[in-house]
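Numbering (our numbering), first residue to last: 121 to 360.
What follows is the structure, given as structure tokens:
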């Protein structure tokens, strides 16, 4: 199986070719999820060149679409000029979770993204990184008119940023993404190892995994297409 990442209008485009079977299914799943981690405006997967040996393997697209819906919650479309592909995906209920389209133009038109607000801040790798992260989150939430999110989002951002400083040595980059229904706190880094937020002990700063898990609706770590990973946590955007 071969996957090439490019652009289609404002969306990322992953063109997939080869054969989908039991052996290649994990590679396809991982390629789609990695591409989605970087596709802030949305991801289109063109599978016109993909041969699906076993119809049951098409369920991987529903799995991926559900994961993308949870995080990074960007628009996701599957494109195939082959009618048999689209028929198979509908039979497997993939259209419940992803947009299906016969060509790239139709996919881009149907992927009109919902209104969202995004902000990013580069944090200096220092003992004050957590403080800087909290200050950025609080000022951003105030500017967006969602002060009810500030406390929880600031605590999560501080923990994720401090985790990067302590365990990877990277300069943290903090991203906030607000859409109707949810707010995501995201911190990418260059280390491909999955994130493991340890419980804090007396000698360590921070509140640890327990606090992050209690505050977030869901959190996790996703590989990024360009390398490294993105550690993220999603909060419900409660009405103020």
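Just so it is clear, CB atoms sit at the ideal spot from N, CA and C, and this is done for glycine as well.
- DSSP, read as helix, strand or coil, puts residue 252 in helix.
- Under the three-state reduction of DSSP output, residue 225 falls in the helix class.
- According to the DSSP secondary-structure assignment, residue 164 is paired through a beta bridge with 133 and 197.
- Distances from the alpha-carbon of residue 197 to those of 226, 313, 302 and 123 put 226 closest.
- In the structure shown, the three-state DSSP call for residue 213 is coil.
- Contact between the segment 206–222 and the segment 181–193 is established, with three or more Cβ pairs separated by less than 8 Å.
- Inclusion of residue 350 and residue 157 in the CB contact set at 8 Å is warranted, their separation being smaller than that value.
- According to the DSSP assignment, residue 182 belongs to the alpha helix (DSSP H) that extends over 179–190.
- For residue 237, the enclosing beta strand (DSSP E) begins and ends at 236–242.
- If you ignore the 5 residues before and after residue 179, its C-beta comes within less than 7 Å of the C-beta of 212, all in its own chain and listed in chain order.
- Counting of Cβ neighbours within 10 angstroms places residue 124 among the exposed residues, the total staying below 16.
- Shown here, residue 282 sits in a helix according to DSSP, grouped into three states.
- Remark: C-beta atoms of residue 342 and residue 153 approach each other more closely than 8 Å.
- Taking 8 Å as the cut-off, the beta carbon of residue 143 is found no closer than this to the beta carbon of residue 199.
- Cβ-Cβ distances below 7 Å link residue 155 to 125, 132, 134, 163 and 345 in the same chain, with the five nearest sequence neighbours on each side left out; the list follows chain order.
- DSSP links residue 128 through a beta bridge to 131.
- Shortest Cα-Cα distance from residue 334 to any of 290, 276 and 195 involves 276.
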